[in-house]
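Scroll down for the structure; my scribbles are underneath it.
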Ligand SMILES: Nc1ncnc2c1ncn2[C@@H]1O[C@H](COP(=O)(O)OP(=O)(O)OP(=O)(O)O)[C@@H](O)[C@H]1O
Ligand SMILES: Nc1ncnc2c1ncn2[C@@H]1O[C@H](COP(=O)(O)OP(=O)(O)OP(=O)(O)O)[C@@H](O)[C@H]1O
Ligand SMILES: [Mg+2]
Ligand SMILES: [Mg+2]
C-alpha cells in the first residue's frame, strides 16, 4: 500500500521540479516577447547580438557566483575585484609589451587568471579560517579592491598600450562562425561550471555544504576547503570576465565594475539558485544575466518612461519576474 | 577528575557569554584608543561630540535593521528609502509652510513617519505574501525609491524652504543638557528597540521566526506578520533618521543616502547580530555604528594614507575588528 | 534491584573489538557521562538501555568520534585509539546512525549515501554505479525509496531508513544504531532486525539503543544499563526479562504501564471534521472526537496521518466542508484559529518543527502560549520562570541546569519539553503525533497517565501512533488510515493489534509477503 | 609673520570617476608645491564620497584644527551651505570652487567653472555645424547639479533650433554604461546626426560603440571636460570629435594657490573668478593638455 504512494508522489515531484527549473527560461522568453511587441528594432540581429554579447560579463561572473551561493556564501567584492584584476592586467600587459610584443596579451591574461584566483583565495581564507560572515568580509575586500584600482588609475583612467589594442580588440568584438567570442567564452565557462557542479565530486560537496554543513562535515567533507575553493572559482571567473572586458574599452577606471555584484547576485537568484545555499542552477544564472540585460535594453528602446524612472521600472520588472516564477513553480 | 571540572568550568562559561556580547564594545574601545594615539585632536570634546552625533543616522536605521536581520531578512533599500522619505518630507513641509508656518515641521515629520512605515510595509508584504528572497525584493525597491527621488528632484536637488531652516536646525544641532538631540533620539530609539526585542512578546516572536520559522509557524506565530512588522519597524526607523537628517543638510538629492544600506548592515553585523537570524544585539548595533563613524573620523584626522586608499584601510579595519571579535568570543 | 551483573567486562577469549576505560564526558560544568568501562565483542548485539538523558547517545557519540571524551581511554583490538572526528572513526570501521536525522535535505538518497566518498570515473562522478549500489542497500533495509529521490521530500521514517542504509554501505566492524526504530513501523522494524542479525552473523559488533524493550529482548546478546550518566552494569540478555530491564533502568519498581480504560462517553463531539481534503484530495476524511475520549489513529508510515492533521491545523494547504470545534464552526483550516478555539497539535518532528534548538527552556516552553503566560504586551519573566519550574517538575524533564539550550537536551527530554510546551496553552483538544517517540519506559507510563488524566478531565485527545500497544492500551476508539483514507473504525473489544495491522495493510497482494512473521 | 603657522584645509569629492580623479590629483600636486614653497603653511586634503561625508569631514577638520582657510569643492550647493557657514563663523577664510553656495556672502573667494556654459557652448557649436537641424542623442551623467546644469544649458540652445533630441538617458559618467546605452540608441535610431555625452569619460564608451556599429552617418560625437585622451584626439584633428570644452579639474589648484597667497604675505585676493568654457579646438588644444594628469 505505501508503495503505491511512494510511487505516485515522485512523478508529481518530478513535474514540479521541471517547471521550477524552466521558470527562468520561460521568464526570459516572456520578456523577449514583450520586447518584440514594444519595439520592432528589438529583434534586429544587431541588437540581439549586442545584448547577448554584453550579458557575457555578468553571466561569466555569475557562473562563479553560483558556486559561492550554492555553498551558502555571498561575494559582494566581485565588481571591485573585476576592476582590480583589469587594472593589474593592463599594467602587466603594458609592462610586457616592449619585450613580448603582442605576446603580452596571453601572458597578461594568464597574470589576470592568477591574480583573480588569488583574490578569491584571499576572500575564501578570511571567511573560512577567520569564520566571519561572507557579507562582511567581501564588503571589506570590496572597499580594498576599489581603493587599489583608484590608486592604480590615480583616480583617472588606465589605458592599455595603443599597440595592443588592435590585436586584442577581436576578443570582444570578433566572432567565430557568427558567434561573438564573449558568447563562446560564456558557453565554455557555463559548460565547465555545469560539469564541475553536477558531475564531479567537488560539485556534489558544494551542494552538500550549502544544504547542511554539519552533515557534510560528519561525512568527511572538508567544509572549509570546499567553501574556499568556491571563492577561488569565483575569482577565476572574474578574471575571465576581465579578459573579455579589456578589449571592449581598453581602460580601467575607478568606476569599472561598480555595482556589478548586485547585478550578478540578482542574476543568480532569478536564475533559480537559492541564497541559503544547497541548490544551484548554472544555466539559470546565464538566463538571469540575459534577462537583466534584455530588460535594460527594452527600457532604452521603448520610449515610454521618463529617464528618471528607468531604475524604478527595472526594479519592478525584476520583482514581477520573481513573483511569476513563484507562481509557475508552486503550481 | 570530573568534579574538578565542575568546580572550574562555571566561571568560564559565564565569562564566555559576556565576552561575546561585549566584543563590539571592546572593539570600539580599542579603535577609540588607537584614534587617540594617532591624533591628539581626536579626543577633543568637540570632535567626540561631532562623531557621536553623526553616527546617529546609521545607529537609528540600524536599530530597525536589527529587527529585520533578526527575523532572517535583509533590507537593501534603506539608503534609497531614506532619500525618498527625505524628499517626501521636504515636499510636504514646503507645501505646508504657507498655511502652517513653523508648524509645517512637526506635521511634515509625521508625514515622514507614515511614509517610512508604509515603505517598510510594502517591502514586507512583497516578501511575505510573494514569498521572494528579501535580497531581491529590496534590491528592486531600492531601484524604485532611488528613481522616485531622482524624479522628485528632477535630477538636481530639492531644498527645504528657507523660512523653516532656522526653526528646524536645532533638531540636529541643538542639545539638551549638553547632549545633542540626535544622540538623545538614538538613545530613545535604541531603548525602545531593546525593550521591544527583549521584553515583549513580539520580540520573542522575532527571534523565534529568525531561529526556525517552521517551529514558529507550528507554534501559532504569524510568521508573515512578524516579518512584515519587522520591515515596518525598519521603515519607521528610516523615517526617524530622515527627520534628523534634513536639518543637517537641508536638501535631498538623487545621491542622498547612497550605499547607507551597506554601512547599516555592517554596523548590525559587527554589533554581533547574526545575518542568518535568530540572534539580535540592539546595543551592539549602536556600537557598530559608532565604530564605523570613528574609523572614518580617524581616517580624516590622520593624514597618513593616500586619499585613494582610505576605503581600503576602512575595509581592512572592519575585517580585523571582526577577526578580533571572533577571537575574544571564541576564547 | 537484586540482580548482580552477570556479565561484567572480561570473560571473552579474543581481544574485544572496542573497549572503553573510565570514559567520561562533560559539557562545560555539566558531567553527563562518567567512568564508563565497556567491552564490545565481535559478532554480538550489545544493547544499551537507560532512561532519557541517561547518557546513551552521548556514549555513542564518543565511540564514533562525533564528540571527544573529557576523560578515559578507548582501545580497538587492544590498541589504544582516539578519534578526532567521525571520519577517523569511520575509517577505523565504526559507524553511528544518529537518533536524529542527519542528512543533507537538498541531495538525493544516493548522493547522501556516498557523500564524502563519491565514486568516480575519471573526473566525473559515477552516478550509475552509486545509484545501483544505493538501490541494493535500500532494498536490504526494506526501503521503497529510489536512489534519485530528494531526501528533504521524503517522510521522516524513510529518511531514517536512508541513514541506516548509509551505515551499511561499506563493511564495518562496529555499527551503532541509536534508536533506529523510533520512527519505523512493524514492517520496517522487522526488516531492520533481520539486518542486525545478519550483521551479527558476519562478525560485526552491533551496539543497539532502543526504548522498545521487546526488541532488546528479542535481539540482544548482552545488555548494558546506564543511569544518570553512570554505568550500572552489563548483563547477559538471557538473564533479564523486559520488566527487569526496566527496573534496572529506572532504579525502582515500575507501576502499570497503561492506566485502566475510562468509561465510554456519549457526549456531543467537541471536534467534528467533515470532508477534510489535503494535498489535492490525496488525503481526505472525516472524523470527530468527544470530550473525555482518546481517539487513536493508526496506519503505516506514509499513510498520511501526519499530513492530514497538519492539513487540519492549516499548516499545509487543505480544505474542509465543515469543521466545528467547541461548538463553534471554524471557517477554514488555520493554525491560529484552531489554537484560539482550543485545539493544539504536537508535531512528530520535534527538531525541525517543534523546538528552537538554539534557545533556552523559557522561550521554547512559552512560545505557543505567549499570550497566556504574558497577558500584557510585556514579557512576564517571573511567570515564565514559574512555568519552567512547574514544567520541569510535572513532565520530569531531566536537566542538570535550567540554563540549558533545547538542542542540548537528550532526545527524550526534548520530547517532554515539547509536550509541556503544547500543554501550556491549556487546550481542550490535543492532537499528539507519536507521543512517546524516543521516550523511555518509565516516562512512557507517565505520559500515558497524563493523556488519561486529560481525558478524565473532559478534554479530548487524538493520538497518532505507530506503536500498536500504545494505541491499544490508550484508545477508546481507533481509526485506521490507509493511502490517505480512513479504512476502519475499531471500538471496545475490537481494538487489537491484529485488527489494526490488518486494516492498515490489507488490500493489495504485495503487502501479504511483507507482513511480519 | 614667517613664524606663524597656517593651516589650509581642502575638502573635495573622492575620486569616483575621471573628473573627480583629476580634482584629487591637482589638489595633491598643489599641496606638495605649496608645502614645499611655504614651510609655514600646512595643507590638509580631505576627500569625501558623499555630501553627508563631506559635511562630516568639515566638522572633523574644524573641530580638530585651527583652520585659517578652507578650500572646498562642494558636492551640492544646498546641502553644504549651512555647514560651510558654520566654519566661516570661526573666522576661517572660505574659498569655494566650482559650485557656489546658495548664500554667496559666505564665500570670500569663488573660483568657478561654468557648467551651463559647457552645455551651451557645445550646443551652439553643434547647431552651427549641423546647420540648425538634425537628430541627436544625449547621454546624461549621475543625477546631480552639475549634470543638471550642463543639460539645462545645452537644451536651452538646442530648443532654439530645429534640432531634435531623440533620446536622453543616464549613463552615470561611466564608460561601460555609456557604451551600452549608445549601442541601444544605435539599435533604436537608424539615423543619428550627432551625439553629446556631457563628459569625456562617457564619450570614450560612445565612440567604441559607434565604431563597432560602423555608423558613418554620425557626424559628430562630443563630450566635455577636457579629458587627456579626448584632447589628444582634438589635437590630432579628429573629424568626429573636433572639439571639447574645458572644465579643468585644475581649478582646484588655482583656487588653492590663490588662497595660499593670502598667507604668503602677498596681496589679499577676494571676489569671484569664473572660468569660462571656451571651445577647445585643434588650434588651442595645447594649452589644455596636461600629460602628467590622470584625467
Ligand atoms: N551539548 C550539550 N551541552 C550540555 N548538556 C548536554 C549536551 N549534550 C547532551 N547534554 C546532556 O547530556 C545528558 C545525556 O544526554 P543523551 O543524549 O546522551 O541522553 P540519552 O541517554 O541518549 O537520552 P534519550 O533516551 O532521551 O535519547 C542529558 O542530560 C543532556 O541534556
Ligand atoms: N512524498 C512526500 N513528500 C514530502 N513529504 C512527505 C511525503 N510523504 C510524507 N511526507 C512527510 O512525512 C511526514 C510523515 O508522512 P505521513 O503523514 O504521510 O505519514 P504518517 O502516516 O504520519 O506516518 P508516520 O508519522 O508514522 O511517519 C509528514 O510530515 C509529511 O509531510
Ligand atoms: Mg539519545
Ligand atoms: Mg506521522
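Chains as they are written, first to last, in my numbering: chain U, 8 to 338; chain A, 8 to 338; chain L, 3 to 519; chain F, 609 to 903.
We put the beta carbon where it would ideally sit given N, CA and C, even for glycine.
If you draw a straight line from the Cα of residue 200 of chain A to the Cα of residue 231 of chain A, it is about 20 Å long. Residues of chain L whose Cβ lies closer than 9 Å to the Cβ of residue 214 of chain U are, in chain order, 106, 108, 109, 113. The C-beta of residue 329 of chain A comes closer than 8 Å to at least one C-beta of chain U. Remark: the shortest separation between the CB of residue 412 of chain L and any heavy atom of ligand 1 falls under 7 Å.
If you check the CB distance, residue 393 of chain L and residue 367 of chain L come in under 8 Å. Shown here for residue 94 of chain L: same chain residues with a beta carbon closer than 8 Å to its own, the five before and five after excluded, namely 78, 83, 85, 175 in chain order.
Relative to ligand 1, the nearest heavy atom lies less than 7 Å away from the CB of residue 442 of chain L. In this structure residue 167 of chain U touches residue 258 of chain U by the C-beta definition: roughly 7 Å separates them, less than 8 Å. At a cut-off of 8 Å, the C-beta of residue 189 of chain U has no neighbouring C-beta in chain F.
The three-state secondary structure of residue 286 of chain U, taken from DSSP, is coil. Nearest to residue 88 of chain L by alpha-carbon distance, out of L/67, L/71, L/75, is L/67. Its Cα nearest to that of residue 267 of chain L, the residue L/494 stands out among L/494, L/123, L/375.
In this structure, the alpha-carbon of residue 808 of chain F lies about 56 Å from that of residue 110 of chain L. The continuous stretches of alpha helix (DSSP H) do not include residue 486 of chain L, and DSSP gives it neither H nor E. Residue 253 of chain U is outside the set of residues whose beta carbon lies under 8 Å from a beta carbon in chain F.
With a cut-off of 7 Å, the C-beta of residue 74 of chain L is classified as distant from ligand 1, since no heavy atom of the ligand falls inside that distance. For residue 152 of chain L, the pairing in a beta bridge is given by DSSP as L/110. Between residue 431 of chain L and residue 272 of chain L the beta-carbon gap is near 6 Å, inside 8 Å, which marks them as a contact. Nearest CB-CB separation between residue 778 of chain F and chain U: below the 8 Å threshold.
When DSSP states are grouped into helix, strand and coil, residue 440 of chain L belongs to the coil group. Contact annotation: in the stretch 658-690 of chain F, residues whose CB is within less than 9 Å of a CB in chain A are 658, 659, 660, 661, 663, 664, 665, 667, 668, 669, 670, 671, 672, 673, 683, 684, 685, 686, 687, 688, 689, 690. Annotation for residue 61 of chain U: 300 place their beta carbon closer than 7 Å to its own, counting only its chain and skipping 5 residues before and after. For residue 293 of chain A, there are no neighbours in chain U by C-beta distance under 9 Å, as the nearest C-beta there is about 17 Å away. Look at residue 165 of chain L: its beta carbon is at least 7 Å from all of the heavy atoms in ligand 1.
Your pair residue 703 of chain F and residue 678 of chain F checks out as a contact, with CB atoms roughly 7 Å apart and the cut at 8 Å. Using a 10 angstroms sphere on the CB of residue 332 of chain A, the tally of other CB atoms reaches 16 or more, which defines it as buried. In chain U, no part has a C-beta under 7 Å from the C-beta of residue 91 of chain A; the shortest such distance is about 11 Å. DSSP places residue 841 of chain F inside the alpha helix (DSSP H), whose first and last residues are 836-843.
Of the heavy atoms belonging to ligand 1, none sits nearer than 7 Å to the Cβ of residue 88 of chain L. Judged by the Cβ position, residue 226 of chain L fails to qualify as a neighbour of ligand 1 at the 7 Å threshold, every heavy atom of the ligand being at least this far. A straight-line Cα-Cα distance of about 49 Å links residue 303 of chain U and residue 43 of chain A. As for any beta strand (DSSP E) of minimum length 3 sitting wholly inside the stretch 301-347 of chain L, the runs are 320-327, 330-332, ordered along the chain.
Proximity of the beta carbon of residue 400 of chain L to ligand 1 is indicated: a heavy atom of the ligand is located closer than 7 Å.
Contact of residue 53 of chain A with chain F is assigned, a C-beta pair being separated by under 8 Å. Closest in C-alpha terms to residue 227 of chain A, from the list L/346, L/417, L/19, comes L/346. Secondary-structure assignment with DSSP links residue 463 of chain L through a beta bridge to L/296, L/432.
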